[in-house]
Every structure is written in structure tokens, then in C-alpha cells.
Amino acid sequence: MPLANYFRKMNEIKPPTFRLSTSLCETCYLFQLDYQPKPSDMFNETYPFFTGLSQNMREHFGFMVDTILSINPINHESFVVELGCNDGTALSFVRNRGVPHLGIDPSENVLRLAENNGININLGFFTTELAHEIVKMHGRASHVFAANVICHIPDLKDLAKGIEYLLQESGIFVFEEPYLVDMLAQVSYDQIYDEHVFIFSLASVKEVFSKYGLFLFDAEHQETHGGSMRYFLSKNRERPMSSRLQALMDAENEVGIKDRGGYIDFIDKCLSNRNDLVDLLTKLKKQGKSVAGYAATSKSTTILNFCKIGPDLIQRIYDSTPEKAGCVTPGSNIPIHSQDELRLNPPDYLVLFAWNHKTEIMTKEKKALPQDQKWILFVPKVEILNES
Ligand code: TMP
Numbered sequence: 004m005p006l007a008n009y010f011r012k013m014n015e016i017k018p019p020t021f022r023l024s025t026s027l028c029e030t031c032y033l034f035q036l037d038y039q040p041k042p043s044d045m046f047n048e049t050y051p052f053f054t055g056l057s058q059n060m061r062e063h064f065g066f067m068v069d070t071i072l073s074i075n076p077i078n079h080e081s082f083v084v085e086l087g088c089n090d091g092t093a094l095s096f097v098r099n100r101g102v103p104h105l106g107i108d109p110s111e112n113v114l115r116l117a118e119n120n121g122i123n124i125n126l127g128f129f130t131t132e133l134a135h136e137i138v139k140m141h142g143r144a145s146h147v148f149a150a151n152v153i154c155h156i157p158d159l160k161d162l163a164k165g166i167e168y169l170l171q172e173s174g175i176f177v178f179e180e181p182y183l184v185d186m187l188a189q190v191s192y193d194q195i196y197d198e199h200v201f202i203f204s205l206a207s208v209k210e211v212f213s214k215y216g217l218f219l220f221d222a223e224h225q226e227t228h229g230g231s232m233r234y235f236l237s238k239n240r241e242r243p244m245s246s247r248l249q250a251l252m253d254a255e256n257e258v259g260i261k262d263r264g265g266y267i268d269f270i271d272k273c274l275s276n277r278n279d280l281v282d283l284l285t286k287l288k289k290q291g292k293s294v295a296g297y298a299a300t301s302k303s304t305t306i307l308n309f310c311k312i313g314p315d316l317i318q319r320i321y322d323s324t325p326e327k328a329g330c331v332t333p334g335s336n337i338p339i340h341s342q343d344e345l346r347l348n349p350p351d352y353l354v355l356f357a358w359n360h361k362t363e364i365m366t367k368e369k370k371a372l373p374q375d376q377k378w379i380l381f382v383p384k385v386e387i388l389n390e391s
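Using this note's numbering, read the sequence shown as starting at 4 and increasing by one per residue.
Here it is in C-alpha cells:
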């Protein structure tokens, strides 16, 4: 597989490739990549993802910050740290309340946007060493949070030690990530790519972080990214586990994420999903239909390369990120165009690669695209919307 976010011009150097395979640890139940490319190859000044581009995600992060600050209410000792703050979308809700804060991110291009928005920033990867420097400069944190970031960090031990060190005794650590149970249920295997080194579950979070003095006391299921889980952890081992967490853990145990059978079944479903998608695209090609993709997502790199779909089956992909226009998709070489061009010349069929933003996209595009625009979805199964 190529690096999922390696969007470059056609004739630039080929994307670096790596072996994409996964394992489940039978001790801590952590679902993980066997091998991850070097983080600095993925998260650098060319990182093409900007959180603030999605209106729904902006609203979501506003509510997330409300929740976090309501658990440990703001006082004169409050200091809020976000790991992987990207363009500062979430931290802007902390800044608006005048609370001391710090956003950490290794991708300079997105971090400069945060800085321009008045967010206090620190360029770099979060490590235990950096946690020591932050404590020296700013003191300990009352809240540490991260959204869709912890699964990117391969050295979980160092990360957990750093967070434990950074937090005040009564501090909390809150993070959210795509949830393993949702991925298995929806066959959304495109969640598996270089940047997602872990797909977490309640069982794995509880097991892994408690070894480093961070104890899970609550969790809340989220609809974002096709089903995510928000985890609440405390340094205080005595903090009681919420009844909501207990119910979620019971439900997770019932679906059997600790058993091999569920994963074997998942593999079979991935293979049939691939066959269904390739069969449909091949049929449409034979019928002379035009097919384009909607959103050149990192997840689409897994789909396109696993299914061996190139420009013969999907002629182009339209994306709203200006940096991606004029580039090709990594490994599959499908040209990327701006979304303004889509509205001028919509294809017969649009494959929705940003399926996790389906509601937002469908609402937005209803006005801009023909009323009978046909969409191809592949999560949880391959289907066509609007086919008469
Ligand atoms: P990601 O799935 O790798 O996070 O990337 C999301 C991509 O989807 C990003 O390149 C922007 C694109 N996108 C659109 O093109 N239109 C949209 O309406 C939304 C929400 C995202």
C-alpha cells in the first residue's frame, strides 16, 4: 500500500509503499497494524487534512469541548492541552472562553493556521520528553484531549507516560477515535491505513492505559466517522466507572471482539464488498457511463489499491481541499479535480469516498447537483442511491 495521504502531481516521485497487515493482541485486545511507516513521512509540512473544512465537524468539536469542560469545570488552575490540534478548530472553543491552552501538532502547514487563529501552539510530536518541557514552561494540565489522533501514534507507552506526567492529579484525558465494533459491523475496512496504527475498543483502552496510571471511567458513543467512541480517563484509580461505560462494555463483550471468529467473518465480508464494488464499476464502464469519485480521502487509498481501481473505472475524483486539486490518488493515479468543476459537469455516477460525511455532503450537494444525481455507496454495502 502507498501512504494514504501521499497526494502528489502525476510525475513527481512515486509514493513510498509499505506492507499493510493487521493483528489483534490476544492479551490486551488491541487491534493494530503490524508495521507502520515512519511518522515523519506521514505528518509533516505537506499534511493535506484540515479539520475546519467540515461544518459538521466544527459543530461536533464545539460540543466536545463543552462536554470536556463540564466534567472538570474551569477554574484558576485550568490549562487545556490538545494533542494533534490540526488547524485549531477544537481549541478555538477553548480560546473563546479565555482559558489557557496549548495545541501540539507535528504538521507545520496546518499548525500555522491555528496560530493565525490566535491559538497557542507547539510544533512537534507529543512525547514524554515534550510533556516534561511543557510542564516546565506552563505547569500541569487540567484537561488533555485529542480527536482522531491517538490512533496515529505508534509508541502508545511513551504517549501514555507523557500524558500521565502532564496531567494534574485531578486532571482528565479525553480522546475519541473510530470504534472497532463499528468498523467490524459496517465492513468499513477503509479505516485501515498507515495513519491508523490502532483501532481502539473499550477493552483495549482500559487494558493498555491502566498500565500507565490512566483509568477509564466513562465513554460515549459518537456518530462521527461512521461510529466513534469517546473515552474519558482519569489519573484517579478510585474514580467510579459510570453506568454508561458499564453498559457499553457489556454490549462490546456481547459482539465478541475478543474472538477470532468475528475477524475471519470480517475478512470474508471485505472480500465480497470488494467484488461487489469492482463488478458494479466494470458493468458501468461497459455501459459507457461516466463515473467519478467524491472526496479524495485517506480512506479511499485503501479502497482504490485493495480493489485495484484506477482511472479506467473511476475517471476522476472531486475534492474540496485546494492542495489536492491537480494531484493524483496515491498508487491508483486517479486525477483529482476541484469540487467547483464537479458542479459544472457532473458524471452519471459519483462514488462517495467521504461516506463518513454523508449527511453533510448530501444536504450540501442537493442544491448544487442534478436532482437525480446517482451516488454509489460501499459502506456498509455496495449500493446505488437514486437509481430508478
Ligand atoms: P479524510 O477522510 O482523509 O479525513 O479526508 C476528507 C477529505 O474529504 C478531504 O480531502 C476533504 C474532502 N471533503 C470534500 O471534498 N467535500 C466535503 O464536503 C467534505 C466534508 C470533505
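All residues carry an ideal CB built from backbone N, CA and C; glycine is no exception.
Cβ neighbours of Lys327 in the same chain (closer than 8 Å, five flanking residues each side left out): Within the same chain, Cβ atoms closer than 8 Å to the Cβ of Lys327 are found at Phe10, Pro51, Ala299 and Ile339, the five residues on either side in sequence being excluded.
Cα-Cα separation, Pro103 to Leu56: Their Cα atoms are separated by approximately 25 Å.
The ligand TMP: which residues have Cβ under 5 Å from any of its heavy atoms, chain order? Ser57, Ala298, Thr300, Ser301, Asp322, Ser323, Thr324, Ala357, His360 and Ile364
Taking Pro181 as part of the beta strand (DSSP E), name the residues at either end of that continuous run. Leu170 to Pro181
Taking 8 Å as the threshold (beta carbon to beta carbon), is Ala299 in contact with chain C? You won't find chain C in this structure, because it holds only one protein chain.
Rounded C-beta distance between Asp262 and Gln39? I'm assuming under 8 Å. Their Cβ separation, rounded to whole angstroms, is 25 Å, which puts Asp262 and Gln39 out of contact at 8 Å.
Inter-residue Cα distance where the pair is Leu187 and Asp271: 11 Å
Check the C-beta distance from Glu255 over to Val184 and give it rounded, since I have them as a contact under 8 Å. 6 Å
Suppose only complete runs of 3+ residues qualify. What are the beta strand (DSSP E) ranges in the segment 261-326, listed by chain order? 294-297 and 319-322
Under DSSP, the beta strand (DSSP E) around Lys12 begins and ends at which residues? Lys12 -> no beta strand (DSSP E), and no H or E assigned at all.
Per DSSP, the bridge partner or partners of Ala150: Glu179
Report the partner residues of Gly106 according to the DSSP bridge assignment. Bridge partners of Gly106 according to DSSP: Glu85 and Ile124.
Closest by CA to Thr54, which one among Asp69, Asn276, Leu116 and Asn75? Leu116
Just checking, does the segment 26-46 make contact with the segment 354-361 on the three C-beta pairs under 8 Å criterion? no
With a cut-off of 8 Å on the beta carbons, I'd call Phe411 and Ile175 a contact; round off their distance for me. Since the first and last residues shown for the chain are 4 and 391, residue 411 lies out of range.
Have a look at Glu180, Phe218, Gly313 and Val138 and flag the residue whose alpha-carbon is nearest the alpha-carbon of Asn359. Glu180
Run the CB neighbour count on Ala149, radius 10 Å, all protein chains shown included, and call it buried at 16 or more, exposed below. buried
Ignore the nearest five residues each way along the sequence and tell me which others in Leu287's own chain have a CB closer than 7 Å to its CB. Hits under 7 Å: Val294 and Tyr352.
Kindly list the residues whose CB is nearer than 7 Å to the CB of Ile156, restricted to its own chain and excluding five residues on each side of it in sequence; keep chain order. Leu162
Of all the options Val68, Pro349 and Asn112, which has the alpha carbon lying nearest to the alpha carbon of Ser1? Any question about residue 1 goes unanswered here, given that the chain covers just 4 to 391.
What separation, rounded to the nearest whole angstrom, lies between the Cα atoms of Glu15 and Ser303? 20 Å
Would you kindly work out how many angstroms separate the C-alpha atoms of Gly265 and Leu280, rounded to a whole number? 22 Å
Does the pairing of the segment 85-94 with the segment 16-25 give three or more beta-carbon distances under 8 Å? no
Among residues of its own chain, excluding the 5 on either side of Ser207, which ones have a beta-carbon nearer than 6 Å to its beta-carbon? Cys31, Tyr32 and Leu33
Among Val258, Glu223, Lys139 and Leu284, which has the Cα closest to the Cα of Ser246? Nearest C-alpha to Ser246: Glu223.
List the DSSP bridge partners of Phe203. Tyr182
Rounded straight-line distance, which links the Cα of Ile312 to that of Pro378: Note that residue 378 is Trp in the sequence shown, not Pro. Between Trp378 and Ile312, the C-alpha separation is close to 17 Å.
Might you give, ordered along the chain, the residues of its own chain that have their beta carbon closer than 8 Å to the beta carbon of Pro19, omitting 5 neighbours on each side? Pro5, Leu6, Tyr9, Pro40 and Asp44
Which two residues bound the contiguous beta strand (DSSP E) that contains Phe218? Phe218 to Gln225
Using the three-state DSSP reduction, which class does Val238 fall into: helix, strand or coil? Val is not the amino acid found at residue 238; the sequence shown has Lys there. Here DSSP, grouped into helix, strand and coil, assigns Lys238 to coil.
How would you call Gln194, buried or exposed, if buried means at least 16 neighbouring beta carbons within 10 angstroms? Residue burial annotation: Gln194 is buried, with at least 16 other C-beta atoms found within 10 angstroms of its C-beta.
Who are the Cβ neighbours of Val382 in its own chain at under 6 Å, not counting the five residues just before and after it? Correct list, in chain order: Gln189, Ser191 and Trp358.
Compute the distance between the beta-carbons of Thr204 and Tyr168, then report whether it is under 8 Å. Residue identity differs from the one stated: residue 204 is Ser in this sequence, not Thr. For the 8 Å CB-CB criterion, Ser204 and Tyr168 do not form a contact.
To the nearest angstrom, how far is the alpha carbon of Met252 from that of Gly334? 39 Å
I'd like the span of the beta strand (DSSP E) that includes Leu36, first residue to last. Phe34 to Leu36
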